[in-house]
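**Q** Starting off with a structure, shown below.
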Amino acid sequence: MSFHIITTPARHGFFRNIRRKLTQLLGALFFVAGLAASSLPLMFVIAVIVSILSHNADFPDMESDQAVVFLIAAVIAVVGLTLGLRLIRGRRRLVLFLRRFGYDEATEALSFAAASAMGQRWRLVTLDDNEVAPVLGIETQGRILGFLRWILLAAIVTGLLWLFGGGFTDYIGDIVGDLRTNNRGGGVKEFIGQIIGLFVMTIILGLIVGGLVMMLVAFLGAGVLFSWRSFSSYKKAEENQSKKIGDASQIKPVIDNVLKLSRKIFAPRLVVVRVNSAIWQAVVRQFADVSAVILIDVSSPGEGLLWELENLREKYRQRTILVGQYDALEKISALPVTNADAVKTEQRLVELLDGESVLAYRSDGARDTQRFTKLLRTTLNDLY
Numbered sequence: 002m003s004f005h006i007i008t009t010p011a012r013h014g015f016f017r018n019i020r021r022k023l024t025q026l027l028g029a030l031f032f033v034a035g036l037a038a039s040s041l042p043l044m045f046v047i048a049v050i051v052s053i054l055s056h057n058a059d060f061p062d063m064e065s066d067q068a069v070v071f072l073i074a075a076v077i078a079v080v081g082l083t084l085g086l087r088l089i090r091g092r093r094r095l096v097l098f099l100r101r102f103g104y105d106e107a108t109e110a111l112s113f114a115a116a117s118a119m120g121q122r123w124r125l126v127t128l129d130d131n132e133v134a135p136v137l138g139i140e141t142q143g144r145i146l147g148f149l150r151w152i153l154l155a156a157i158v159t160g161l162l163w164l165f166g167g168g169f170t171d172y173i174g175d176i177v178g179d180l181r182t183n184n185r186g187g188g189v190k191e192f193i194g195q196i197i198g199l200f201v202m203t204i205i206l207g208l209i210v211g212g213l214v215m216m217l218v219a220f221l222g223a224g225v226l227f228s229w230r231s232f233s234s235y236k237k238a239e240e241n242q243s244k245k246i247g248d249a250s251q252i253k254p255v256i257d258n259v260l261k262l263s264r265k266i267f268a269p270r271l272v273v274v275r276v277n278s279a280i281w282q283a284v285v286r287q288f289a290d291v292s293a294v295i296l297i298d299v300s301s302p303g304e305g306l307l308w309e310l311e312n313l314r315e316k317y318r319q320r321t322i323l324v325g326q327y328d329a330l331e332k333i334s335a336l337p338v339t340n341a342d343a344v345k346t347e348q349r350l351v352e353l354l355d356g357e358s359v360l361a362y363r364s365d366g367a368r369d370t371q372r373f374t375k376l377l378r379t380t381l382n383d384l385y
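This is the structure in structure tokens:
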């Protein structure tokens, strides 16, 4: 019996995709709710600060029950924003990609997969022989964030001119003055009610517009909401596309750093680790321990591949995926399994692959590459 060459993804996963989209939508709602909840304590604090700076001693005091309301609003804001972002972006997992150094066809297929839909949930790491180019996979978002950064800068400059030009003081002063005029003899409840009335329409409008925006952002990445911070994160992601391990003492720090990066919203989708060939087996073992999935390319027989299959496949069978170039797989599968020739590399590979399923890729065109991307994504999602 030989191994099975898989070229077409199974037709399932529809309900899983619906569930993921609904989860992202729920995250968007949590996020918008957090934004809405944050507006009440924020605007009240601004009003208090302005009143203090204006030396108005008759500003109403906040009673204990009202303080609890503002505390609850602050908690809702923190939880809504944090949980919303978590649901929108989901959990990202690390995939260890093992292939023969310099095997460009495998690199091309996997790089495309990393930069496309597969990269939404998965981050790849591979060992480098200076033939693999890191794939950031978020260039479009980076350009958008760069544009938003300049818009935000212009908005900040305009706001500062308005603030120090007296516009903000006059605006808040008018609001506080109107509140005092309308609240003569009233308590803090009436005062808070009037503040809420002033901002309720703004909040409702923000919910409507923000909800529509978040439905779109849920599919593009929640980091766009924080343009300045996100642009900084994007630049850091660019800087972390490649790592280097020169000796054994650097293995754990680099692996910890790659694992930490893989969980971020903006992170390289394919990280390249340049490794001293004398310690590559130790690096592979430790990366395999922390990776959610191990991806092994079996297209080119070699001692390194045999070592990976013998040492990793059995230990991490439940989370190992085998891939290979279609023509190379056809050639390997045609070799007979004979104990007499088992010493040969090719024959030993046939023995190790006996009964296994291998995902096949081609590089004949965009359609073939996209088909492999879908096949690989489906297989990964079946594991988690």
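The sequence shown maps to residues 2 to 385 in my numbering. Note that the Cβ used here is the ideal one computed from N, Cα and C, for glycine as well.
#1: DSSP three-state label for residue 299, please.
#2: Would you kindly work out how many angstroms separate the C-alpha atoms of residue 275 and residue 37, rounded to a whole number?
#3: Taking CB distances under 8 angstroms as the criterion, tell me whether residue 348 reaches chain B.
#4: Spatial neighbours of residue 302 within its chain, please: C-beta separation below 6 angstroms, excluding the five flanking residues on both sides.
#5: Measuring straight from C-alpha to C-alpha, what distance separates residue 253 and residue 99?
#6: Using DSSP with H/G/I as helix, E/B as strand and the rest coil, what is residue 314?
#7: Excluding sequence positions up to five away, which residues of its chain have a Cβ less than 6 angstroms from the Cβ of residue 28?
#8: Pull up the DSSP beta-bridge partners for residue 97, would you.
#9: Sorted by chain position, which residues of the same chain lie with C-beta nearer than 7 angstroms to residue 288's C-beta, five sequence neighbours on each side aside?
#10: Count the other CB atoms, across all protein chains shown, that sit within 10 Å of the CB of residue 327; report buried if there are 16 or more and exposed otherwise.
#11: Between the alpha carbons of residue 314 and residue 361, how many angstroms are there, rounded?
#12: Short check: CB of residue 295 to CB of residue 320, under 8 angstroms?
#13: Could you check where the beta strand (DSSP E) with residue 321 kicks off and where it finishes?
#14: Under a three-way DSSP split, which group does residue 232 fall into?
#15: Quick one: residues in its chain with C-beta nearer than 6 angstroms to the C-beta of residue 5, no 5 flanking neighbours on either side, listed in chain order?
#16: Assuming residue 3 is part of the alpha helix (DSSP H), what are its boundary residues?
#17: Is residue 128 closer than 8 angstroms to residue 324 when the C-beta atoms are compared?
#18: Below 7 angstroms, is the gap between the Cβ of residue 23 and the nearest heavy atom of the ligand PLP?
#19: Just to confirm, is the Cβ distance from residue 30 to residue 260 under 8 angstroms?
#20: Report the option in 333, 77, 316 whose CA atom is closest to the CA atom of residue 300.
#21: Relative to the C-alpha of residue 78, which candidate in 18, 286, 35 has its C-alpha closest?
#22: Buried or exposed: residue 308, going by 16 or more other Cβ atoms within 10 Å of its Cβ?
#23: If you count every other CB in all the chains shown that lies within 10 Å of the CB of residue 73, and 16 or more means buried, which is it?
#24: Tell whether a beta-carbon distance below 8 angstroms holds between residue 3 and residue 355.
#25: DSSP puts residue 243 in a beta bridge; with which residues?
#26: My output table needs one value for residue 249: the three-state DSSP class, helix, strand or coil.
#27: As a quick exercise: from 281, 298, 80, 262, pick the residue whose alpha carbon is nearest that of residue 330.
#28: Per DSSP, what are the beta-bridge partners of residue 358 in this structure?
#29: Return the CA-CA distance between residue 277 and residue 376, expressed in angstroms with no decimal places.
#30: Starting from residue 91, trace the alpha helix (DSSP H) in both directions and tell me its first and last residue.
#31: Distance, Cα to Cα, residue 374 vs residue 312?
#32: What does a CB cutoff of less than 8 angstroms around residue 101 pick up in its chain, not counting 5 residues either side in sequence?
#33: Which word fits residue 33, buried or exposed, when buried means at least 16 other C-beta atoms lie within 10 angstroms of its C-beta?
#34: What's the gap between the Cα of residue 76 and the Cα of residue 282?
#35: Please look up how many angstroms separate the CB atoms of residue 110 and residue 292, rounded, as I've assumed it's under 8 angstroms.
#36: Can you list, in chain order, the residues of its chain with a C-beta nearer than 6 angstroms to that of residue 310? Leave out the 5 residues immediately preceding and following it.
**A** Taking the structure as given:
#1: coil
#2: Using only the alpha carbons, I get a separation of about 47 angstroms.
#3: Absent from the structure: chain B. Only one protein chain is present.
#4: 346, 347, 350
#5: Across the structure, residue 253 and residue 99 are spaced so that their CA atoms are roughly 18 angstroms apart.
#6: helix
#7: Contacts found: 85, 88, 89.
#8: 126, 295
#9: 97, 126, 256
#10: buried
#11: 18 angstroms
#12: yes
#13: 321-326
#14: The pLDDT assigned to residue 232 is 36, lower than 50, so where the model puts this residue is not dependable; a value taken from the coordinates is nonetheless given after this. In the structure shown, residue 232 adopts helical secondary structure according to DSSP, grouped into three states.
#15: 358
#16: In this chain, residue 3 is not harboured by any alpha helix (DSSP H), its DSSP state being neither H nor E.
#17: no
#18: Among the components modelled here there is no ligand, and therefore nothing to report on the ligand PLP.
#19: no
#20: 333
#21: 35
#22: When all chains shown are included, residue 308 counts as exposed.
#23: exposed
#24: yes
#25: 273
#26: helix
#27: 298
#28: Listed as beta-bridge partners of residue 358 by DSSP are 5.
#29: The straight-line gap from Cα to Cα measures roughly 33 angstroms.
#30: No alpha helix (DSSP H) holds residue 91; DSSP gives it neither H nor E.
#31: 27 angstroms
#32: 107, 298, 300, 301, 303, 305, 306
#33: buried
#34: 48 angstroms
#35: Not quite, the Cβ-Cβ distance comes to about 19 angstroms (not below 8 angstroms), so this is no contact.
#36: 353
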